[in-house]
Amino acid sequence: MFIIHSKLIKKAAILLGVLLILGLILHWFIVQKVESTLKTALPDEIALNYEDIEVSTLGRSLSLDNVSFTLKDSTNAQELANFTIERIDFKNFGIIDYLSNKTIALNYVGISNANGYIKLPNSLAKDNNNMVKPTLFDKVSIGEIELAHITMQLKDQETDSVRALMTDLNLKVNAVQANAKDDTINLSYNSYTIATDSIVLTLGPFNNLSIKSVNGTQDSTIIASAELKTKFEPGELRNHIRHEMDYYDVKIEDIAIIDIPKTLNREKSPLNLGKVIVNNPNAFIYRDKLLADDLKAKPMLSEMIRHIPFNFTIPSFEINNATLTYKERVHAYNDGGALSFENTFISIPNLSNTADYQPVSIEMRANLIESGEVKASWQFDVLNQNDDFTFSADVSHINLESINSFSQPNFNTEMEGHIDKLYYNISGNKRTSHIDIKAKYSDIKISILDKTHKSRNKFFSSVANIIVHKNSKNKKSDFKEAKANVERDITKSNINYIFHNVKTGLTKIFI
Numbered sequence: 001m002f003i004i005h006s007k008l009i010k011k012a013a014i015l016l017g018v019l020l021i022l023g024l025i026l027h028w029f030i031v032q033k034v035e036s037t038l039k040t041a042l043p044d045e046i047a048l049n050y051e052d053i054e055v056s057t058l059g060r061s062l063s064l065d066n067v068s069f070t071l072k073d074s075t076n077a078q079e080l081a082n083f084t085i086e087r088i089d090f091k092n093f094g095i096i097d098y099l100s101n102k103t104i105a106l107n108y109v110g111i112s113n114a115n116g117y118i119k120l121p122n123s124l125a126k127d128n129n130n131m132v133k134p135t136l137f138d139k140v141s142i143g144e145i146e147l148a149h150i151t152m153q154l155k156d157q158e159t160d161s162v163r164a165l166m167t168d169l170n171l172k173v174n175a176v177q178a179n180a181k182d183d184t185i186n187l188s189y190n191s192y193t194i195a196t197d198s199i200v201l202t203l204g205p206f207n208n209l210s211i212k213s214v215n216g217t218q219d220s221t222i223i224a225s226a227e228l229k230t231k232f233e234p235g236e237l238r239n240h241i242r243h244e245m246d247y248y249d250v251k252i253e254d255i256a257i258i259d260i261p262k263t264l265n266r267e268k269s270p271l272n273l274g275k276v277i278v279n280n281p282n283a284f285i286y287r288d289k290l291l292a293d294d295l296k297a298k299p300m301l302s303e304m305i306r307h308i309p310f311n312f313t314i315p316s317f318e319i320n321n322a323t324l325t326y327k328e329r330v331h332a333y334n335d336g337g338a339l340s341f342e343n344t345f346i347s348i349p350n351l352s353n354t355a356d357y358q359p360v361s362i363e364m365r366a367n368l369i370e371s372g373e374v375k376a377s378w379q380f381d382v383l384n385q386n387d388d389f390t391f392s393a394d395v396s397h398i399n400l401e402s403i404n405s406f407s408q409p410n411f412n413t414e415m416e417g418h419i420d421k422l423y424y425n426i427s428g429n430k431r432t433s434h435i436d437i438k439a440k441y442s443d444i445k446i447s448i449l450d451k452t453h454k455s456r457n458k459f460f461s462s463v464a465n466i467i468v469h470k471n472s473k474n475k476k477s478d479f480k481e482a483k484a485n486v487e488r489d490i491t492k493s494n495i496n497y498i499f500h501n502v503k504t505g506l507t508k509i510f511i
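Written out as structure tokens, the structure is:
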């Protein structure tokens, strides 16, 4: 009996040893096969190197340590991306899914401690066409994608300068499904969490946008402490530009993006960006009018939205409790004058460049600091090539003294009086417009000043007050009405177009 058991134990040990050896050989073979595949199956434009590889045959998992990744353009002349990555993990690869329906199925994909940059090629479409390879799969299903401690730069391909920098990105996305069949991409996910450190974007040669952090989930993601700032202070900026250009100093407490959609199919529907709420922005904008005019044609707002190179919809866009100060310098002998608005709210339902959500309607209300309230509505059809629009406003309780901070330094003019009500409606297009305006006002008085603003020019002030009607009231109505036609100066902005209409209408009202 003992002899029989001894023989069985020996046979079992031999079998176990054989299985162990076969397992080691199989593991070695799989590692070699994986390494060979990584070297031969990738496009020529991609170089992938690593120090160590771990393969779990039973767990159907793969890990790469200390990875370097390089992507070059189709000519292999320039790097378009370069990353060093501490570790990449692929867990629980679904072999049956791949063999039966060409689906890449993984429980987990992780990338940790990566640092690198991406350059977007100037001729992206051309490079993409040159890099097309036979499709190895139709679908991708990943239980969880995790990016941990990622630092990434976006660079300008020509100058190699950094256009954007994101530090310490941490992102988890669950239940990712992608269908890449027939050259289209349908993407869906169940949930995500995101946390980043600072983000900095370069917006052209003169402006930077910085963000303190991004945190949140698919239900609500918060962009905290955003700041748009011109690189040079106003006095220095004029030494770097040839034409008029706005100086910006804009601080935003936070931007909330709510209810971000969980599916993306750009072939069937526009990109839905979720509800966007901008909270407590404080903006200072300065323009030096002593510089030459920028004579380039300025697009209408509808045209700018129309020319965004992809279809999109923002179900609701809001700006809450904004403060805006606009300062303009007209004369060399002073620093200019400013107008300020506070408690500003802007609402745009269904901001979109698609036919289903036209016309776009912008509702605004604001308080002129120390005086009055402004309510306005702006409507236009983004798809209308003539850029037809309407702009209407209801202005109440304006003390003209509150405007002297702007009119005195820029126009050497002081005003007194009160506008109880001002209504106007502008209808127009990208070339011409018409304004209907009526106002109820009283006790208007104008003083023309010298350059020092200490002395009143009696003659010109008297002439101005003779020309200007002091009160709107007449036998028929408390309101005075006027109409005017206005031609657009295409070298000026949309806001200038609206202001030119109002100025023309008020001139007819007061004179």
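Heads up: the sequence shown begins at 1 in the numbering used here, then just goes up one per residue.
For every residue, glycine included, the Cβ atom is placed at its ideal position computed from N, Cα and C.
Here Tyr497 carries a helix assignment [DSSP, helix/strand/coil].
Going by C-alpha positions, Phe479 is about 28 Å away from Asn412. Around the beta-carbon of His500, 16 or more other beta-carbon atoms lie within 10 Å, marking it buried. Under the rule that a run must span 3 or more residues, the beta strand (DSSP E) segments found entirely inside the stretch 199-228 read 199-203 and 207-217. The bridge partners DSSP lists for Met152 are Gly116 and Met166.
A buried status is given to Phe406, since no fewer than 16 other beta-carbon atoms sit within 10 Å of its beta-carbon. Straight through space, the alpha carbons of Pro359 and Phe380 are spaced by roughly 5 Å.
At least 8 Å separates the beta-carbon of Gly274 from that of Asp254. Put simply, the stretch 408-423 touches the stretch 383-400. At least three CB pairs are less than 8 Å apart. A Cβ-Cβ separation of about 48 Å leaves Arg242 out of contact with Ala178 under the 8 Å criterion.
Residue state for Arg306 is assigned as helix, using DSSP reduced to three classes. Note on geometry: alpha-carbon atoms of Asn350 and Ile314 lie some 5 Å from one another.
Here the alpha carbons of Glu370 and Ala338 stand approximately 13 Å from one another. Just measuring C-alpha positions, the residue of Val486, Asn429 and Pro409 sitting nearest His453 is Pro409. Between Asn66 and the set Glu54, Thr75, Arg60 and Lys72, the nearest pair of CA atoms involves Glu54.
By the neighbour-count criterion, in which a residue is buried when 16 or more other Cβ atoms sit within 10 angstroms of its Cβ, Met300 is buried.
Comparing alpha-carbon positions, the option among Glu342, Lys298 and Ala47 lying closest to Ile319 turns out to be Glu342. Look at the beta carbons and you see the stretch 428-435 not touching the stretch 448-466: under three pairs across the two are nearer than 8 Å. Counted as a single uninterrupted DSSP element, the beta strand (DSSP E) harbouring Phe389 occupies residues Phe389 to Asn399. Across the set Asn282, Gly505 and Lys445, the C-alpha of Gly505 shows the shortest separation from the C-alpha of Ala393. DSSP places Pro299 in the coil class of the three-state scheme, outside both helix and strand. By the 16-neighbour rule on beta-carbons within 10 angstroms, Lys155 is buried. With contacts defined by Cβ atoms closer than 8 Å, Ala355 and Met364 do not form a contacting pair. Along the stretch 363-438, the beta strand (DSSP E) occurs as fully enclosed runs of 3 or more residues at 373-380, 389-399 and 413-428, listed in sequence order. A straight-line Cα-Cα distance of about 53 Å links Asp52 and Tyr357. When the Cα atoms are used, Ser56 and Leu106 turn out to be separated by approximately 14 Å. Under DSSP, Thr230 shares a beta bridge with Asn207. If you draw a 10 Å sphere on the C-beta of Asn353, you find 16 or more other C-beta atoms in it, and that means buried. For the pair Ala256 and Ile222, the CB atoms are nearer than the 8 Å cut-off. Taking 8 Å as the cut-off, the Cβ atoms of Leu169 and Ile145 do not count as close.
When the alpha-carbon of Glu233 is set against those of Ile403, Lys262, Ala224 and Tyr247, the nearest one is in Tyr247. Going by DSSP, Asn465 is part of the alpha helix (DSSP H) stretching over Lys458 to Ile467.
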